[in-house]
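Comments concern the structure below.
There are 2 protein chains.
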Amino acid sequence: MRIVLDAMGSDNCPVPDVEGAVQAAREFGDTVILVGDETRIKAELAKYPTAGLPIEVVHASQTITMEDTPSKIVKGKPDSSIHVGLQLVEDGKADAFVSCGNTGAVLAVATTVKIRRIQGIHRPALSSIVPFGERHVVLIDIGANADCKPEWLIQFALMGSVYVEKALGRQNPKIGLLSNGEEEGKGNELIKSTLPLLINSGLNFIGNIEPKEMLEGHADVIVSDGFVGNMVVKTLESTSSMAFAQIKNVAMQSIRGKLGGALLKPLIGGIRKKFDPFEIGGAPLLGVNGVVIIGHGRSNAYAVKNAIRQARLAVSGDIVNTIRQGLNRPTPTPDQ
Amino acid sequence: MRIVLDAMGSDNCPVPDVEGAVQAAREFGDTVILVGDETRIKAELAKYPTAGLPIEVVHASQTITMEDTPSKIVKGKPDSSIHVGLQLVEDGKADAFVSCGNTGAVLAVATTVKIRRIQGIHRPALSSIVPFGERHVVLIDIGANADCKPEWLIQFALMGSVYVEKALGRQNPKIGLLSNGEEEGKGNELIKSTLPLLINSGLNFIGNIEPKEMLEGHADVIVSDGFVGNMVVKTLESTSSMAFAQIKNVAMQSIRGKLGGALLKPLIGGIRKKFDPFEIGGAPLLGVNGVVIIGHGRSNAYAVKNAIRQARLAVSGDIVNTIRQGLNRPTPTPDQ
Numbered sequence: 001m002r003i004v005l006d007a008m009g010s011d012n013c014p015v016p017d018v019e020g021a022v023q024a025a026r027e028f029g030d031t032v033i034l035v036g037d038e039t040r041i042k043a044e045l046a047k048y049p050t051a052g053l054p055i056e057v058v059h060a061s062q063t064i065t066m067e068d069t070p071s072k073i074v075k076g077k078p079d080s081s082i083h084v085g086l087q088l089v090e091d092g093k094a095d096a097f098v099s100c101g102n103t104g105a106v107l108a109v110a111t112t113v114k115i116r117r118i119q120g121i122h123r124p125a126l127s128s129i130v131p132f133g134e135r136h137v138v139l140i141d142i143g144a145n146a147d148c149k150p151e152w153l154i155q156f157a158l159m160g161s162v163y164v165e166k167a168l169g170r171q172n173p174k175i176g177l178l179s180n181g182e183e184e185g186k187g188n189e190l191i192k193s194t195l196p197l198l199i200n201s202g203l204n205f206i207g208n209i210e211p212k213e214m215l216e217g218h219a220d221v222i223v224s225d226g227f228v229g230n231m232v233v234k235t236l237e238s239t240s241s242m243a244f245a246q247i248k249n250v251a252m253q254s255i256r257g258k259l260g261g262a263l264l265k266p267l268i269g270g271i272r273k274k275f276d277p278f279e280i281g282g283a284p285l286l287g288v289n290g291v292v293i294i295g296h297g298r299s300n301a302y303a304v305k306n307a308i309r310q311a312r313l314a315v316s317g318d319i320v321n322t323i324r325q326g327l328n329r330p331t332p333t334p335d336q
Numbered sequence: 337m338r339i340v341l342d343a344m345g346s347d348n349c350p351v352p353d354v355e356g357a358v359q360a361a362r363e364f365g366d367t368v369i370l371v372g373d374e375t376r377i378k379a380e381l382a383k384y385p386t387a388g389l390p391i392e393v394v395h396a397s398q399t400i401t402m403e404d405t406p407s408k409i410v411k412g413k414p415d416s417s418i419h420v421g422l423q424l425v426e427d428g429k430a431d432a433f434v435s436c437g438n439t440g441a442v443l444a445v446a447t448t449v450k451i452r453r454i455q456g457i458h459r460p461a462l463s464s465i466v467p468f469g470e471r472h473v474v475l476i477d478i479g480a481n482a483d484c485k486p487e488w489l490i491q492f493a494l495m496g497s498v499y500v501e502k503a504l505g506r507q508n509p510k511i512g513l514l515s516n517g518e519e520e521g522k523g524n525e526l527i528k529s530t531l532p533l534l535i536n537s538g539l540n541f542i543g544n545i546e547p548k549e550m551l552e553g554h555a556d557v558i559v560s561d562g563f564v565g566n567m568v569v570k571t572l573e574s575t576s577s578m579a580f581a582q583i584k585n586v587a588m589q590s591i592r593g594k595l596g597g598a599l600l601k602p603l604i605g606g607i608r609k610k611f612d613p614f615e616i617g618g619a620p621l622l623g624v625n626g627v628v629i630i631g632h633g634r635s636n637a638y639a640v641k642n643a644i645r646q647a648r649l650a651v652s653g654d655i656v657n658t659i660r661q662g663l664n665r666p667t668p669t670p671d672q
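Protein sequence lines, in the order shown, are assigned to chains A and B. Under this note's numbering, the first residue of the first sequence is numbered 1, with each subsequent residue one higher. Under this note's numbering, the first residue of the second sequence is numbered 337, with each subsequent residue one higher.
Here is the structure:
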C-alpha cells in the first residue's frame, strides 16, 4: 500500500508530519510518500534512522500560507502539496492522501480539481471519528456542507455506514439522525424531511438520536448537516477540554489538590482519551474518488501516525468502491 | 411581588416544587402562589413550618400527564396548572409565572392562549442561563423555534441583551452569533444573512462566536436558532455529566482512586456547578407579555428556589416593558 502524507499540513509542519510518517512506515510497513518542500522534508528526515524504511519524497513547489483562502489555493497554487498529493492518488500512483492541513483547502481541491466526487454523490462530507461509549462512532457531516438537503443526508448515512463496516470492521452499523428529541415530529425542517427517507433507506436506521445517546454510543453513525455537526463536535471538544483543564487547575492550587491529582491522573488518562481527537488522528472525507484522511492542524507525530492508520483501514476496506456500489442499491426517491 | 409557581411542574411534583416555594418565601419574602391540585399541595405544605410565610394556594383541576402533547394541553386542559397560573399573570394578579414542567406545554399555552407574545415580536424564544467563564451567559434560542429567520434572531439578540442588562445587572451586554467560525463568510445561510443585520442593529454585537469562545465567556448573550441552541446546550450538559461521571466511576474502582477522589471532590465542586443547570434553576421565556421562567423537569427544591429567584430578578428589572421599548428603537429593515 502507498500512502501520501502532506508534509506541509500540520501547524508545526513539517516536524510532526515527518516524524509521524517515519513512525508509520516503521510500524505498518506501508510506503509513505512525503509531499512538500523537498529540502525541508529531507532535512527533517535526516534526524531519524530511516535506512530501509519505505519512505519516498515528492517535491511540491508552492507553500500554503495562513492568508490563503481555500478558493485561492484551488486555482492559485496548483503545485501545492495538496494538489501534488491528490494528483498522485488520481494517477493511481498512491492509494490514499493524508493531510493535517487546512481542511477547507483539502476539501476544495479534492472536490473541485483533483479526484473529485464519486459519480452520483450529491456532496462529499467530512466525518469525525469519536470514541463514544466503548467504541468508535462516525459523525458525518461535521463541516463540509453547512446547508443540506434531505437526499444529501441519506448519502451521508450510507457513506458513514460503509466506513464503519469496511474500515472499522463492524457489521450492520446502526445509524442515528442527530436531533433535539427522539420522537417523530422533533427536529427542524431538514430533520423532519430526512426522517422518512432514512426509515425507507434500507440502512440500519435506529431513529432520531439526542446528544446524550450519541455520547453513550447508541449508534455507530451519527448523521447531521455540516453546521450542526460542526457545532456539536466543537462544543464537545471545548467542554471536555475546559472541564479537564479546570480540574487540573484546581488540583494545582493546593497541597491537597496536588496529592489528589497525582493519585487520580493515571486513572483519568483513559477518560481523557475518549474526548481526544489525536487518539484517532484523522477522519475521512467521504464521497470523493479516493481515500482522503484529514487530521487536526494541532497534530503531533502520534496523531499523524494514527491518521495514516485510518488511511490504511480505509484502503483495506475498499471504501470508495463500496460507496460506489452502495449508490446503485435501490433507494427511495424523495418526493421533492 | 407575587410569583406564581406551577406546583405540578417538576418530575417529582409537587414535592420539590412545594419545598422550593417554602424556601423562596422564607428567603426572599415575596408571595409565592402555588397553583395545582389543592389537596396534594396542602398535604405537602403541611410538612413545613409555614406559619407567617407569604404562601397562597390556587386550585387547578386538571393534571397534565406524560401522554399529553403541548397542542392537546393548550385546548384540552384549560384548567391545568399552566393555564390557571398564566391567567393570574394575564389578569395582573401575579407578576411572574415559574414552572419546572413540560417546556413545550408552557411555551404553547403562553404564546397561543394566555399572556401571548409582545406586539411586534416575531417569535418568543427560550433562553438558558449558563455560568461560563466568570459570569452568567444567556443563550437564546435553545428550543422554541427550530427553524428561524434572520429578523427573529435580531429580536432574540435584543431580548437577551435586555435580560442581561435588566435582570442580571450588566451594562451594555456583548452579543455573539453562534457559528462554526469567527470569520465573515462562515456559518450556514441563516448565520450569513443574520450577520449584517446584527452589525447594524445598534446592539453591542461582537461578531460570530465559536463554542470555545462561548464557554470562555467572551459574550454575554449567545444567539442561535432553537435547533442549534438546543443541540449545543444538550451536548454541553451531556459531555460534562459524562466526563464527571466517568471520573467518579474510575475513582471508585481502586483504593488509590478513592483516596484521590476524596481529596479532589471538595475542590471540584465549584467546577461541577459551572455546568449544572440547577445552579441557575430556570431561564426565561422571552418575548411574551409577562415574566415566565422555565426550570428543569429534574429540579430539586434548591433548583426551584433558584428559578423563583430568576423570576424576581426579571420582574425587578422590568424586562417585559424594556423589551417592548427596545422594539421601538430604530432598527434596520431586512431587505428580504
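We put the CB at the ideal spot given by N, CA and C, even for glycine. Keep in mind that this is a model prediction, so the values were computed, not measured.
If we call anything under 8 Å between Cβ atoms a contact, is residue i one with residue j?
i	j	result
B:S292	B:A446	Nothing about residue 292 of chain B can be read from this structure; chain B reaches only from 337 to 672.
B:S635	B:C436	yes
B:A360	B:K609	no
A:I115	A:E90	yes
B:I607	A:A251	no
A:V164	A:F97	no
A:N289	A:V315	no
B:K570	A:P131	no
B:E518	B:G543	yes
B:I400	B:K413	yes
B:I478	B:M495	no
A:G226	A:A144	yes
Hey, is residue i's beta-carbon within less than 8 Å of any beta-carbon in chain B?
i	result
A:A146	yes
A:G261	yes
A:V232	yes
A:N321	no
A:I268	yes
Please classify residue i: does DSSP put it in a helix, a strand, or coil?
i	result
B:H632	coil
A:H122	coil
B:A619	strand
B:N625	coil
B:R592	helix
B:H554	coil
B:I391	strand
A:D95	coil
B:I400	coil
B:S346	coil
B:V466	strand
A:S338	For chain A, the structure presents residues 1 to 336; residue 338 of chain A sits outside this window and is missing.
B:R453	strand
Measuring only between beta-carbons, confirm whether residue i sits less than 8 Å from chain A.
i	result
B:P486	no
B:K548	yes
B:E525	yes
B:M495	no
B:T386	no
B:T447	no
B:L600	yes
B:F563	yes
B:T439	no
B:S574	yes
B:V586	yes
B:P664	A small correction: the amino acid at residue 664 of chain B is Asn; Pro does not occupy that position in the sequence shown. No, no contact with chain A.
B:T401	no
Taking the beta strand (DSSP E) that residue i falls in, what are its first and last residues?
i	result
A:N249	Counting along the chain, A:N249 falls outside any beta strand (DSSP E), though it belongs to the alpha helix (DSSP H) covering G226 to A251.
B:L513	I511 to L514
B:G496	Here B:G496 belongs to no beta strand (DSSP E); instead the alpha helix (DSSP H) covers P486 to K502.
A:L139	R135 to I140
State the start and end residues of the unbroken alpha helix (DSSP H) segment that holds residue i.
i	result
B:V368	No alpha helix (DSSP H) holds B:V368; the beta strand (DSSP E) holding it covers T367 to G372.
A:D6	Here A:D6 belongs to no alpha helix (DSSP H); instead the beta strand (DSSP E) covers R2 to D6.
B:G662	I655 to L663
A:N208	First-last for A:N208: F205 to I209, but that is the beta strand (DSSP E), not the alpha helix (DSSP H).
B:E363	V351 to F364
Inter-stretch contact (C-beta, 8 Å, three-pair minimum) for the segment 216-232 of chain A and the segment 170-180 of chain A: yes
Inter-stretch contact at 8 Å, needing at least 3 Cβ pairs: the segment 621-635 of chain B / the segment 590-608 of chain B: No, the segment 621-635 of chain B does not touch the segment 590-608 of chain B.
Segment contact flag, the segment 480-493 of chain B with the segment 460-468 of chain B, C-beta cutoff 8 Å, min 3 pairs: yes
Sufficient close CB pairs (3 or more, under 8 Å) joining the segment 8-23 of chain A to the segment 32-42 of chain A: yes
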